[in-house]
Amino acid sequence: MSNTFPDSFLWGGAVAANQVEGAWREGGKGISTSDMLPQGIFGEVVARQPGDFSIKDTAIDFYHRYPEDIALFAEMGFTCLRVSIAWTRIFPQGDEAEPNEAGLAWYDALFDEMARHNIQPMVTLSHYEMPWGLVENYGGWGSRKLIAFFERYARAVFTRYQHKVKLWLTFNEINMSLHAPLTGVGLAGDVTKADVYQAIHHQLVASGLAVKACREIIPDAKMGNMLLGGLMYPLSCRPEDVFTALQENRSWLFFGDVQCRGAYPGYMQRFFLENGITLHIEESDCEALRHTVDFISFSYYMSGCVTADPQLGEKLRGNILDMVPNPHLASSEWGWQIDPLGLRTLLNMLWDRYQKPLFIVENGLGANDKPDASGRINDDYRISYLNDHLVQVREAIEDGVEVLGYTSWGPIDLVSASKAEVNKRYGFIYVDIQQDGSGTLNRSRKASFDWYKEVIASRGATLKA
Ligand code: BGP
């Protein structure tokens, strides 16, 4: 068995605009759904007043400090960096006829800086944010009009960056809309299941049209979808538990089925029927859905369990995404259950299902890092988490799975998505920032920085199996 990864394997990290950039009102940027959720995606909507405070407004100030950060990524040997474009920098309200030049110019500068360091950009078109104007004036993705607004945005950035960006993703964790409808599909207030699935339908159509546009404008680009890899195990081998796990996995694989196979799967037709959901689908929608992605990207942090026993399920619940804790696994400080082998299972499962190349675009450990007396962060817990997951990626490649690359989540500390925390750190690079906004924003290398650098330089040979 080979102990190195393929030569073509891409190594790097992943960030999202709203979690690193800051500069929330600079360069003509409009207000996004993320700006309206200063406490994170599971917080309340807050009408922003002049002078109020949100840690996201400055975040880690990547908007001004990106040259220093990219140089640090290059020092680690990154060949790929996943970023997202803030839709509101390009179309501040979402429905303008023309894009905002200042926003376009900023991403030009960012991609040029990456090119100087031979780092290939992978760009998510919409990572947990959209123009607030589209929520307020149109009701978010509940409106069919959003399809055209998104297509206009996608075509504008494809055209502008056609020579600079060859790897694109449509919507971050598109299946998360089921759990966070405002962040995912811009639906505010009380919404029914039917509203959410209709909005998701519009987004899936837009995703297909973006794939089509990308092929027309940048024929040599690769376009991927992005799923939250919510791998669920049956809590027991009772056939009912096994079937419940199958259904639970289908609830998110459904998005992949549409984006990779080009049509709604049969089990969803039954689900809609049994839940009294009638989707409004136009003929041209079916044609749009047939533009399937070139590769599948996904995030993976943990696995979970499900049970068919409602009483047991109720008693054990307490983890996110309605999952029941697995008695065989340890958890992170944030209660996320650590399961490296689950990553190999998931890679094999997705490969068996779709036979399309896979890209792990998020994986990492959020921890409350504490500097030692000399100010150094010795994050062996992060090293061991990442080591064990990468070992399983290598195993999956040996299983015959085609894996294009790995970008760890938050290679530099950033603002967490769920609760806008900065003490939940993922980085190889420490950022001096505290929750109240204090701190110098200075960057420093953690122990994991040197570790990742060696892993990349050796193409995985230094990993400990
Ligand atoms: C994913 C998101 C990311 C990221 C990550 C970690 O769901 O795509 O944006 O933040 O999860 O979650 P958190 O930041 O809440 O720790």
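According to our numbering, numbering within the sequence shown proceeds without interruption in unit steps and concludes at 473. The beta-carbon is built from N, C-alpha and C at its ideal position, and this holds for glycine as well.
Under the DSSP assignment, Leu366 falls outside any alpha helix (DSSP H), being part of the beta strand (DSSP E) whose first and last residues are 366 to 370. Annotated as proximal: Leu358 and Leu366, with beta-carbon spacing under 8 Å.
For Tyr275, DSSP assigns no beta-bridge partner whatsoever.
A heavy atom of ligand 1 is found nearer than 7 Å to the CB of Ser424. By the C-beta density criterion, Gln345 is buried, having at least 16 other C-beta atoms within 10 angstroms. The DSSP-derived three-state label of Cys313 is strand.
For Tyr389, the distance from the CB to the nearest heavy atom of ligand 1 is not below 7 Å.
Secondary structure in the segment 63 to 102: the beta strand (DSSP E) runs of 3 residues or longer, each lying completely within the stretch, are 88 to 92 in chain order. In this structure the segment 411 to 420 lies against the segment 10 to 24, because at least three pairs of beta carbons, one per stretch, are closer than 8 Å. Distances from the CB of Gln442 to the heavy atoms of ligand 1 are all 7 Å or more. Beyond the five residues adjoining it in sequence on each side, Trp149 comes within less than 6 Å, by CB distance, of Val193, Gly194, Ala207, His210, Gln211 in the same chain, given in chain order. Within 7 Å of the C-beta of Asn180 there is at least one heavy atom belonging to ligand 1.
Closest option to Gly20, judged by alpha-carbon separation, among Phe436, Lys472, Ser452: Phe436. Judged by DSSP secondary structure, Asn356 falls within the alpha helix (DSSP H) whose first and last residues are 348 to 362. Across the set Tyr389, Asp69, Val219, Pro273, the C-alpha of Asp69 shows the shortest separation from the C-alpha of Ala24. For Gln363, the distance from the CB to the nearest heavy atom of ligand 1 is not below 7 Å.
Straight through space, the alpha carbons of Asn126 and Phe86 are spaced by roughly 8 Å. Per DSSP, reduced to three states, the secondary structure at Met184 is helical. A distance below 6 Å between beta-carbons, with the five flanking residues on each side excluded, links Asn11 to the following residues of its chain, in chain order: Ala469. Around the beta carbon of Asp388, fewer than 16 other beta carbons lie within 10 angstroms, which makes this residue exposed. Within the segment 367 to 447, the complete alpha helix (DSSP H) segments at least 4 residues long are 388 to 406, listed from N- to C-terminus. If you keep only unbroken alpha helix (DSSP H) runs of at least 4 residues inside the segment 147 to 187, you get 153 to 168. In terms of side-chain proximity, the C-beta atom of Leu373 is found no nearer than 7 Å to any non-hydrogen atom of ligand 1. The beta carbon of Gly270 sits closer than 6 Å to the beta carbons of Leu297, Arg298, Thr300 from its chain, once the five residues preceding and following it are set aside; these are given in chain order. DSSP, reduced to helix, strand and coil, places Trp344 outside both helices and strands of the structure shown, so it counts as coil. Pairing Phe50 with Ser426 gives a Cβ-Cβ distance under 8 Å.
When the five nearest sequence neighbours on each side are left out, the beta carbons in the same chain lying within less than 8 Å of the beta carbon of Ala164 are those of Ile98, Phe99, Pro107, Leu112, in order along the chain. If you compare the alpha carbons of Trp140, Ala221, Gly141, Met184 with that of Trp176, the shortest gap goes to Ala221. The beta-carbon separation of Cys268 and Tyr205, rounded to 19 Å, does not stay under the 8 Å limit for a contact. Under the three-state reduction of DSSP output, Tyr115 falls in the helix class. Scanning its chain for C-beta atoms nearer than 8 Å, with the 5 sequence neighbours on each side dropped, one finds around Ala79 the residues His125, in chain order. With fewer than 16 neighbouring CB atoms inside 10 Å of its own CB, Phe251 falls in the exposed class. Remark: C-beta atoms of Lys64 and Val423 approach each other more closely than 8 Å. A straight line joining the alpha-carbon of Pro333 with that of Ser340 spans about 12 Å. In this structure, Thr167 keeps its C-beta atom at 8 Å or more from the C-beta atom of Met234. Nearest Cα to Ala202 within the set Asn371, Val369, Ile285, Gly48: Ile285.
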